[in-house]
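One structure is given below, encoded as structure tokens.
Below, the structure is given as structure tokens:
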């Protein structure tokens, strides 16, 4: 029965209880206590049994130096009988917790595992001289089973603490990831692959190149990479390489000294220097002037550079994340981009898919943008999207990707006066703006300026249901003052009431 109970019950506390029950059958006790050795001078009570066992005992910590008898027993590693006396220097094991008469029986049994003492069992009984040599021998034998149960309990506790620590780290990481990539909404397979790549490369110092069309969220990906890296508490510096000439690009990247060029009235740090220890995000990398590229290559390879007009060599530890919406391979073929710089920066590419290739994410993104914007537009209650309106959103091609969707939702909230977005609240970007296939031919004859202006105003008024004033009015849509728009309507002879 005893063996079968031990084999079926793997819980270490239950195992200790079974062994103590077996001990009590041959060694009467009123109090049995199991303690673990925490360090050289401390024992912690893990388990107690018997008539005198109270809740005040469990988890108490005992200082070994206060009990010379216990220290001696632990040092010898053998069972010891302690005689209680009226000596004022003697301190009972549980003095102040349990009241036992002078001269009561007390047995100390060190618990050993792997040849090392890991704890102590104490047996107490109010009757004198109860623990005979035979009972001492039996206690020594059965204590081996208790030592196994105690070792298992300590191991389990260690695993639980390790698990708790890992869960804490995991939850902290997940919370940080959620905070950082809160704007990277999506659940489609293509988008999950992007998030997985962010998770893999973020903790490294490898350079990353983000590829994707305009409006896909490349800058959000770059910010997530920085925030989840070891450089998160260092600067995240951005430089848009578009429309920079050679001198301006070099000054922006590496700074300049006073007098380096006309207008340089003082020295100025460049983005590379400002990003020291952190991350430099080069947006629109394909537009970086060819003349500036060798100096950037050298700065990446050697970590050194000079300011424009300066002679002093400076150093900076910078991780570069670049983004482009053009095929750099084509620019390399046309000798508009250095091949060696391309391979230096394209260590770990992340391809951000266009929104039309992750259509399942449109619903999530729509609700995310609505929730993000509704308080700004004075909506205190949640905003719903009708089935017809959502179907309209799902059918669009989204040439402008996530940015276009965000703008569309913002326009819908401006137009919406209730708590539901409907199809007539949704206006997409004009095809001419999106450069779609329906763009008019360049050779299509134009009318005079007033006629073309009138057409634009009429289209704007139709989109805004004839409204001129307010955030949802035609003036705001055309980015002109309402009074200016009214003057043009009057001068062109347009009748807005017929629209």
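Numbering (the working numbering), first residue to last: 1 to 499. We put the beta carbon where it would ideally sit given N, CA and C, even for glycine. Since we're looking at a predicted model, the values are computed, not measured.
For a test of the three-state rule: what should DSSP assign to residue 125, helix, strand or coil? In the chain shown, the residue the question calls residue 125 occupies position 125. Reduced to three states, the DSSP call for residue 125 is strand.
Near residue 421, which residues of its chain fall below 6 angstroms by C-beta distance, leaving aside the five closest residues on each side in sequence? Mapped onto the chain shown, residue 421 falls at position 421. Taken in chain order, the residues that qualify are 385, 389 and 412.
Cβ atoms of residue 111 and residue 150: under 8 angstroms apart, would you say? The sequence position of residue 150 within the chain shown is 150, counting from 1. The sequence position of residue 111 within the chain shown is 111, counting from 1. It is a contact, given that the beta carbons lie within the stated cut-off.
When the Cα atoms are used, what is the spatial distance from residue 338 to residue 344? Numbered from its first residue, the chain shown carries residue 338 at position 338. Numbered from its first residue, the chain shown carries residue 344 at position 344. C-alpha separation (whole angstroms): 10 angstroms.
At the level of alpha carbons, what is the spacing between residue 32 and residue 11? As a first step, residue 32 must be located in the chain shown, where it is residue number 32. As a first step, residue 11 must be located in the chain shown, where it is residue number 11. Computed Cα separation, rounded: 19 angstroms.
Going along the chain, which residues of its own chain have a beta-carbon closer than 7 angstroms to the beta-carbon of residue 356, five neighbours each way excluded? Here the question's residue 356 lines up with position 356 in the chain shown. Leaving aside the five residues that flank residue 356 on each side, the residues in its chain whose CB is nearer than 7 angstroms to its CB run, in chain order, 397 and 398.
Kindly indicate which residue of 482, 54, 324 and 196 has the alpha-carbon position closest to the one of residue 209. Numbered from 1 along the chain shown, position 209 holds the residue referred to as residue 209. Per the Cα distances, 324.
Using a 10 Å radius around the Cβ and a threshold of 16 neighbouring Cβ atoms, would you call residue 97 buried or exposed? Working through the chain shown from its first residue, we reach residue 97 at position 97. Classification of residue 97: exposed, given that the 10 Å Cβ count is below 16.
Among 144, 73 and 490, nearest to residue 114 - alpha-carbon criterion: By one-based count along the chain shown, residue 114 stands at place 114. Minimum Cα distance to residue 114 is reached at 144.
When the Cα atoms are used, what is the spatial distance from residue 467 to residue 372? Counted from its first residue, the chain shown places residue 467 at position 467. Counted from its first residue, the chain shown places residue 372 at position 372. Annotation: residue 467 to residue 372 spans about 26 angstroms, alpha carbon to alpha carbon.
Nearest residue (CA-CA) to residue 360, options 292, 391 and 453: Along the chain shown, read from residue 1 onward, the residue named residue 360 stands at position 360. Taking only the C-alpha atoms, the option nearest residue 360 is 391.
Residue range of the unbroken alpha helix (DSSP H) whose run includes residue 190: Counting from one through the chain shown, the residue named residue 190 turns up at place 190. Unbroken alpha helix (DSSP H) run through residue 190: 189-201.
Those runs of the alpha helix (DSSP H) which lie wholly inside the stretch 223-303 and span at least 4 residues: Those alpha helix (DSSP H) runs which fall completely within the stretch 223-303 and span 4+ residues are 246-254, 271-274 and 293-302.
Beta-bridge pairing of residue 62 - partner residues as DSSP gives them: The sequence position of residue 62 within the chain shown is 62, counting from 1. Beta-bridge pairing links residue 62 to 43.
Distance check for residue 233 and residue 278, CA to CA, integer angstroms please. Within the chain shown, numbered from 1, the residue matching residue 278 stands at position 278. Within the chain shown, numbered from 1, the residue matching residue 233 stands at position 233. Per the coordinates, the alpha-carbon of residue 278 lies some 8 angstroms from the alpha-carbon of residue 233.
Can you give me the C-alpha to C-alpha distance between residue 382 and residue 368, rounded to a whole angstrom? Within the chain shown, the letter at position 382 stands for residue 382. Within the chain shown, the letter at position 368 stands for residue 368. Rounded to whole angstroms, residue 382 to residue 368 spans 11 angstroms at the Cα level.
Three or more C-beta pairs below 8 angstroms linking the stretch 146-160 and the stretch 63-81: The stretch 146-160, when compared against the stretch 63-81, does not touch it at the 8 angstroms Cβ threshold.
Pull up the distance between the alpha-carbon of residue 17 and that of residue 127, whole angstroms please. To locate residue 17, count along the chain shown from 1; it is residue 17. To locate residue 127, count along the chain shown from 1; it is residue 127. The C-alpha of residue 127 is placed about 23 angstroms away from the C-alpha of residue 17.
Whose CA, out of 347, 40, 275 and 141, lies closest to the CA of residue 201? By 1-based counting over the chain shown, the position of residue 201 is 201. Comparing Cα positions, the closest option is 347.
Cβ-based neighbour list, residue 484, same chain, cut-off 8 angstroms, excluding 5 preceding and 5 following: For the purposes of this step, residue 484 is identified with residue 484 of the chain shown, where counting begins at 1. Excluding sequence neighbours, residue 484 sits near 475.
Tell me the DSSP secondary structure of residue 100 in three-state form. Position 100 of the chain shown, counting from 1, holds the residue named residue 100. Looking at residue 100 - three-state DSSP - the assignment turns out to be coil, as it is neither helix nor strand.
Kindly identify the DSSP beta-bridge partner or partners of residue 464. Along the chain shown, read from residue 1 onward, the residue named residue 464 stands at position 464. Its beta-bridge partners do not exist; DSSP assigns none.
Which residues in the same chain as residue 328 place their Cβ atom closer than 7 angstroms to its Cβ, once the five residues preceding and following it in sequence are excluded? Position 328 of the chain shown, counted from the start, is the residue given in the question as residue 328. Excluding five sequence positions before and after residue 328, the CB atoms of its chain that fall closer than 7 angstroms to its own CB belong to 286, 337 and 342, given in chain order.
Beta-carbon proximity check, residue 27 vs residue 43, cutoff 8 angstroms: Taking the first residue of the chain shown as 1, we reach residue 27 at position 27. Taking the first residue of the chain shown as 1, we reach residue 43 at position 43. With contacts defined by Cβ atoms closer than 8 angstroms, residue 27 and residue 43 do not form a contacting pair.
Using DSSP with H/G/I as helix, E/B as strand and the rest coil, what is residue 474? As a position in the chain shown, residue 474 is number 474, starting the count at 1. Three-state result, residue 474: helix.
Cβ contact check for the stretch 239-252 and the stretch 265-285: 3 or more pairs under 8 angstroms: In short, these stretches touch, since the Cβ pair count reaches three.
Quick check on the DSSP output: what are the complete beta strand (DSSP E) runs of length 3 or more inside the stretch 329-393, in order along the chain? Taken in chain order, the complete beta strand (DSSP E) segments of 3 residues or longer contained in the stretch 329-393 are 348-351.
Suppose contacts are defined by Cβ-Cβ distances below 8 angstroms. Is residue 255 in contact with residue 269 by that definition? In the chain shown, counting from the first residue as 1, residue 255 sits at position 255. In the chain shown, counting from the first residue as 1, residue 269 sits at position 269. Yes, Cβ-Cβ distance for residue 255 and residue 269 is below 8 angstroms.
Close-in-space but distant-in-sequence residues of the same chain around residue 57 (CB under 6 angstroms, 5 per side omitted): Walking along the chain shown from the start, residue 57 turns up at place 57. Here the set comprises 45 and 48.
Output the distance between the C-alpha atoms of residue 101 and residue 35, rounded to the nearest integer angstrom. Residue mapping note: residue 101 aligns to position 101 of the chain shown, counting from 1. Residue mapping note: residue 35 aligns to position 35 of the chain shown, counting from 1. Rounded to whole angstroms, the gap between the alpha carbons of residue 101 and residue 35 is 23 angstroms.
From the DSSP output, in three-state form, read off residue 454 for me. Translated into positions along the chain shown, residue 454 becomes position 454. DSSP, reduced to helix, strand and coil, places residue 454 within a helical segment of the structure shown.
For residue 324, which of helix, strand or coil comes out of DSSP? Sequence index remark: in the chain shown, residue 324 carries index 324 (1-based). Strand at residue 324.
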